[in-house]
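Written below as structure tokens is the structure these notes are about.
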Amino acid sequence: MTENVWGYKSTAGRLAGVDLTGYKVEATDGNIGKVDKHSDEVGDAYLVVDTGVWIFGKEVLLPASTVVSIDQDEQKIVVDRTKQQIKDAPEFDRDKHLGDQGYRDELGTYYGTGGPHV
1 MTENVWGYKS TAGRLAGVDL TGYKVEATDG NIGKVDKHSD EVGDAYLVVD
51 TGVWIFGKEV LLPASTVVSI DQDEQKIVVD RTKQQIKDAP EFDRDKHLGD
101 QGYRDELGTY YGTGGPHV
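Per UniProt numbering, the very first residue in the sequence shown carries number 1; after that it's consecutive.
Quick look at the structure:
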């Protein structure tokens, strides 16, 4: 049951074709960084967030299902996780994320059925 984590919620306000790179990302308890990369592929939608200095420059991959809302005017994305949950997430691995099913399953489990929820 991890596949549903890779799609945007219908209420998120995602508009196809809009580049989210550079948008600010807000956790439930504050700013966590900016979008470095994103994918809109059906069944494989995600954001890669550069967290900056607050967790020593770590990049994290957030499945699209974590997105609560997208504000086009303010270029801000709100996600339904705390800063700590994002900090504890598996680190984004640029070399593995596209082709490694085990890595994808690990992320899906963390954010889906097996991950910590608010």
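Quick reminder that beta carbons are idealized off the backbone N, C-alpha and C, glycines included.
Within 10 angstroms of its Cβ, does residue i collect 16 or more other Cβ (buried), or is it exposed?
i, result
"glycine 99", "exposed"
"glycine 43", "exposed"
"lysine 34", "buried"
"glycine 7", "buried"
"glutamine 85", "buried"
"leucine 20", "buried"
"aspartate 71", "exposed"
According to DSSP, what are the bridge partners of residue i?
i, result
"aspartate 4", "Contrary to the premise, residue 4 reads as asparagine rather than aspartate in this sequence. Paired residue(s): none; asparagine 4 is not in a bridge."
"valine 25", "Gly33 and Ile77"
"histidine 38", "Leu47"
"serine 69", "Val78"
Out of curiosity, what's the CA-to-CA distance linking residue i and residue j?
i, j, result
"valine 78", "serine 69", "5 Å"
"tyrosine 103", "aspartate 95", "11 Å"
"aspartate 50", "threonine 11", "24 Å"
Leaving aside the five residues before and after residue i along the sequence, list all residues of the same chain whose C-beta is less than 8 Å from its C-beta, in chain order.
i, result
"glutamate 26", "Ile32, Lys76, Ile77, Val78 and Val79"
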